[in-house]
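Numbering (this note's numbering), first residue to last: 341 to 540. Ideal placement from N, C-alpha and C gives every residue a C-beta, glycine not left out. All values reported here derive from a predicted model rather than from experimental measurement.
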Ligand code: GLN
C-alpha cells in the first residue's frame with residue numbers, strides 16, 4: 341500500500357531512504373510505507389539528496405561493503421550523518437555502521453556471533469518500547485562486542501548488546517522488517533521527525 345502522503349512534523353512529507361545495494365531492502369520499504377512515509381531506494385550518492393533519514397538493511401555485510409566501495413558511497417553516507425540525519429541499521433546494517441566499517445556508531449560488531457549451530461532464532465526482546473517486548477528474529481546475527489561510553493544499549497541477549505543508540509544512529513542485530521510489529525521502525529521515524537524539526 342503506497343497510501344496518501346502523511347504530513348510530517350513540519351507539514352511536509354517525510355522521505356526516508358533504504359540502502360538498496362543488497363539484502364532485504366524491500367521488506368523495509370514495505371514497513372516504512374505502511375507507516376506513511378515516502379521511501380526511496382538508495383544506490384548511488386545522488387539518491388541521498390533531500391532524504392530525512394536512511395535505513396541500512398540486513399543482508400551480507402561483505403557484499404554491502406563492496407557495493408559501498410564500488411559506488412563511492414562511504415563519504416556521502418558520513419556526510420549524511422554529519423548533517424544530523426538519522427540512520428537505522430539492522431543486522432548487516434548494524435555491522436556496516438560499526439567502528440570497522442563506516443564508523444558512525446562507537447561499537448564493534450561481532451559477525452555471526454551466535455555461532456554456527458544457532459544461526460537463526462526468534463525471541464521476545466525487551467528494548468524499552470511501549471507495549472512490551474518485540475518478537476525479535478535473529479538470522480546469522482551479529483552482537484555488539486564492545487561499545488564506547490556514549491552508546492546506550494537498549495536490549496541484550498545473554499548479556500550481549502543487540503540493540504543500541506548513539507545520537508542519531510539506531511542499530512538492531514535482528515530483523516524488525518520481518519513480521520508485523522512496526523514499533524522499531526516507528527521509533528526510528530520519531531527520531532527522523534525530531535531531527536527535521538530541530539533543523540527547521
Ligand atoms: N551474517 C550476515 C553478515 O555478517 C548478517 C546477517 C543478516 O543481515 N541477516 O553480514
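| Query | Result |
| --- | --- |
| For residue 609, the first and last residue of its enclosing beta strand (DSSP E) | For the chain, the structure presents residues 341 to 540; residue 609 sits outside this window and is missing. |
| For residue 378, the three-state DSSP class (helix, strand or coil) | strand |
| Nearest neighbour of residue 477, chosen from 463, 485, 427, 486 [CA to CA] | 463 |
| Limits of the beta strand (DSSP E) - the one that residue 393 falls within | 393-396 |
| Heavy atoms of the ligand GLN versus C-beta positions, residues under 7 Å | 363, 398, 399, 400, 401, 402, 431, 432, 435, 451, 452, 479, 480, 481, 482, 515 |
| Environment of residue 292 [buried if 16+ CB atoms lie within 10 Å] | There is no way to answer for residue 292, as the model of the chain reaches only from 341 to 540. |
| Residue 482 burial status per 10 Å Cβ neighbour count (16 or more: buried) | buried |
| Nearest neighbour of residue 410, chosen from 537, 531, 535, 362 [CA to CA] | 362 |
| Range covered by the alpha helix (DSSP H) that runs through residue 415 | 414-422 |
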